[in-house]
Every structure is written in structure tokens, then in C-alpha cells.
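Under full-length UniProt numbering, the residue at position 21 of the sequence shown is numbered 21, and the numbers go up by one with no gaps. Where a beta carbon is used, it is the ideal one built from N, C-alpha and C, also for glycine. On a predicted model such as this, the values are computed, not experimentally measured, just so you know.
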Amino acid sequence: MTVSGFIHSKESFSTVDGPGVRYVVFLQSCQLRCLYCENRDTWDRHLGTVYSVDALVEDILKYRQYIQPHGGVTVSGGEPTLQLPFIIELFKRCQALGIHTALDTNGYIHKPDAQVLELLEVTDLVLLDIKAMSNPLHVELTSVNNHDILKFAQFLGEHQQPMWIRHVVVPGYTDTIENISALAAFIQTLTGVEQVELLPYHELGKHKWAPYTDKYPLEGTPTPDKQTMQKLTNYLLDRKIPALF
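Set out below in C-alpha cells:
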């Protein structure tokens, strides 16, 4: 019997969620409560649409000529590791078809177990979001600590898992040299980091908060300017860390 999962949405032609052109599956449910979440409507798992792996693979195959040979399938969210059986089966099917697989995760996994290892065996690339290096700042931004996330990054390195680190630059929060310096120092302890993506904060998902709150949490926070993004990127590049924005 095929496994089913709760899906928020799908995108058939993304160029920002891993290498090449990607078919992206956004899953429902997340443990973090990021102040700048652009998919606020993914927090509740049961608001999603139920899809079987069979149905999803059938849809993916319609776009195979666009996503291969240089692209693939990315599972994002929400937080996809909350639906491990579903993404394990999906990635197994993708790899059997020769389709590259990428996992976009917040890394908030308390203790990697056999299921997580099984997932990594069929995951070609992990896109790991690190929200902040300071734990108090991380709690302020996401409502959870970053201890397990940093441990998971180390776990990925120990298992020689190729990964991209993604970090959102939020003015007034994570746009400082101190924060990027701590991020750089941590990345230099890891193996398997192929690149770092600094992502400028934006309000594109602001409208999704309207049904849940009277006021968007980061109301009035600007998008960081190009000069700031370049300065932070250069800081990483100067330390031989492959980075872009």
C-alpha cells in the first residue's frame, strides 16, 4: 500500500530550491514559529491536501524533461522531516527513476534515528536552514532553541552528507558581522558544506499571516540592501567559504 502525506502545495519549475530546475513539494506542519515565516499556512498539518506517493510521482513524471538531467525534486515545508515515511518512500521512488533528491529542512531533530539514516541514504543533498547562531536570538526568532539544529548539522557532516547552508538575513536580527562571524566559525567545523546561501529577508509571505493575527510580527522590517548582503557574503568568501546571495 502506498504511503500518503499532507501537502501544502507543489511547484513544478523552481530555480531557487537546489541545483537546476526543481519540482518542489511543500509539506504541511512545522515545529518552528519563525517571525518571518513565508508559509504561515503550513503550520497545521491537517490543513493540507492528502497525496499518495504514487499520485505525486505520476505528477512529477510529467515534468521529467525539465528537471533532468541537472535538476530534480526538492521536498520543503513546513518541515518535511515530520512526515518521514512519506518522504523516504518518495525519495526512494525518485532515485529509482534517476531523479536527484534534495531535502530542505530546519534540522530540528532531537535525536537522529534509523528512519533519519534511511532518509539520508536516498537524499542527494540537504538544504539546511540555520536561523541564528546565538541561541537567545534563535529562540526570539523561532520560539525554539538551536542546540539540536547545530547538532544535526554536525551529524550530517559526520555522515558525509552533501549540504547547502541557508541563512536568512533579517535587519535588526541577523544582519551583523558578529552573527555571520559565528556562522562562519561553525561552518568551518563541518564537512560536506558545498555552499552557503544568504537569503535577504522579504515580506512576500506577509499576507498569509492575516487569518491568524492582527499584526505581522516583523511589521516595518525592511529588506536588507544589496550593500549589506554583499558585505556579509564577502565576509564568508574571505574565509574561503563558498557563499552567494
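- Task: Could you check the C-alpha separation between proline 112 and histidine 159 for me, to the nearest Å?
- Result: Residue 112 sits at position 112 when you count from the first residue of the sequence shown. Residue 159 sits at position 159 when you count from the first residue of the sequence shown. Using only the alpha carbons, I get a separation of about 12 Å.
- Message: On a Cα-Cα basis, can you pick out the residue from Ile88, Ala114, Pro136 that is closest to valine 122?
- Response: Here residue 122 corresponds to residue number 122 of the sequence shown, with the count starting at 1. Comparing Cα-Cα distances from valine 122 to each of Ile88, Ala114, Pro136, the minimum goes to Ile88.
- Query: For proline 224, is the classification buried or exposed, using 16 other Cβ atoms within 10 angstroms of its Cβ as the cut-off for buried?
  - Reply: For the purposes of this step, residue 224 is identified with residue 224 of the sequence shown, where counting begins at 1. Flag for proline 224 reads buried.
- Message: Would phenylalanine 152 and glycine 78 qualify as a contact pair, given that the criterion is a beta-carbon distance under 8 Å?
- Response: The sequence position of residue 152 within the sequence shown is 152, counting from 1. The sequence position of residue 78 within the sequence shown is 78, counting from 1. Not a contact, by the Cβ cut-off of 8 Å.
- Shortest alpha-carbon distance to valine 21 belongs to which of Arg40, Ile60, Phe6? Taking the sequence shown and counting its residues from 1, one reaches residue 21 at position 21. The option with the nearest alpha carbon to valine 21 is Ile60.
- Query: In its own chain, which residues sit with a C-beta less than 7 Å from the C-beta of leucine 204, not counting the 5 before and 5 after it?
  - Reply: Reading the sequence shown from its first residue, position 204 is the one you call residue 204. Answer for leucine 204: Glu38, listed in chain order.
- Item | the segment 60 to 71 / the segment 127 to 147 touching (three or more Cβ pairs under 8 Å) | no
- Kindly indicate the opening and closing residues of the alpha helix (DSSP H) around methionine 229. For the purposes of this step, residue 229 is taken as the residue at position 229 of the sequence shown. Element bounds for methionine 229: 226 to 238.
- Out of Asp175, Tyr201, Asp124, point me to the one whose CA is closest to tryptophan 164's CA. On the sequence shown, residue 164 is found 164 positions in, with the first residue counted as 1. Nearest C-alpha to tryptophan 164: Asp124.
- Cβ-based burial, proline 80 [other Cβ within 10 Å; buried from 16]: Taking the sequence shown and counting its residues from 1, one reaches residue 80 at position 80. So proline 80 ends up on the buried side.
- Identify whether leucine 125 lies in helix, strand or coil by the three-state DSSP scheme. Here the question's residue 125 lines up with position 125 in the sequence shown. Strand.
- Task: If I'm right that leucine 198 touches valine 169 with Cβ under 8 Å, what's the distance once you round it to whole angstroms?
- Result: For the purposes of this step, residue 198 is taken as the residue at position 198 of the sequence shown. For the purposes of this step, residue 169 is taken as the residue at position 169 of the sequence shown. About 5 Å; that satisfies the 8 Å criterion.
- Query: Should histidine 8 go down as buried or exposed, given a rule of 16 or more other Cβ atoms within 10 Å for buried?
  - Reply: Position 8 of the sequence shown, counted from the start, is the residue given in the question as residue 8. It counts as buried.
- Message: Short of 6 Å in beta carbon distance, which residues of its chain neighbour glutamine 195, apart from the five on each side in sequence? Order them along the chain.
- Response: If you number the sequence shown from 1, residue 195 lands on position 195. Excluding positions up to five away in sequence, the list reads Trp164, Pro242.
- Query: Where DSSP assigns a beta bridge to lysine 10, which residues make up the other side?
  - Reply: Within the sequence shown, residue 10 is the residue found at index 10, counting from 1. For lysine 10, which the question treats as bridged, DSSP gives the partners Val25.
- Query: Should the segment 47 to 62 be regarded as contacting the segment 102 to 117, the criterion being three or more beta carbon pairs within less than 8 Å?
  - Reply: no
- Message: Between which two residues does the beta strand (DSSP E) holding threonine 105 run?
- Response: In the sequence shown, counting from the first residue as 1, residue 105 sits at position 105. Element bounds for threonine 105: 100 to 105.
- Task: Round the Cβ separation of phenylalanine 6 and arginine 45 to the nearest angstrom and send it over; I've been treating them as touching at under 8 Å.
- Result: In the sequence shown, the residue the question calls residue 6 occupies position 6. In the sequence shown, the residue the question calls residue 45 occupies position 45. That belief holds up - the Cβ atoms of phenylalanine 6 and arginine 45 are roughly 5 Å apart, short of 8 Å.
- Query: Is the segment 177 to 185 touching the segment 212 to 229, taking contact as three or more C-beta pairs under 8 Å?
  - Reply: no
- Message: So, with DSSP's three-state summary, where would you put isoleucine 165?
- Response: Position 165 of the sequence shown, counted from the first residue, corresponds to residue 165. Residue state, collapsed to three classes: strand.
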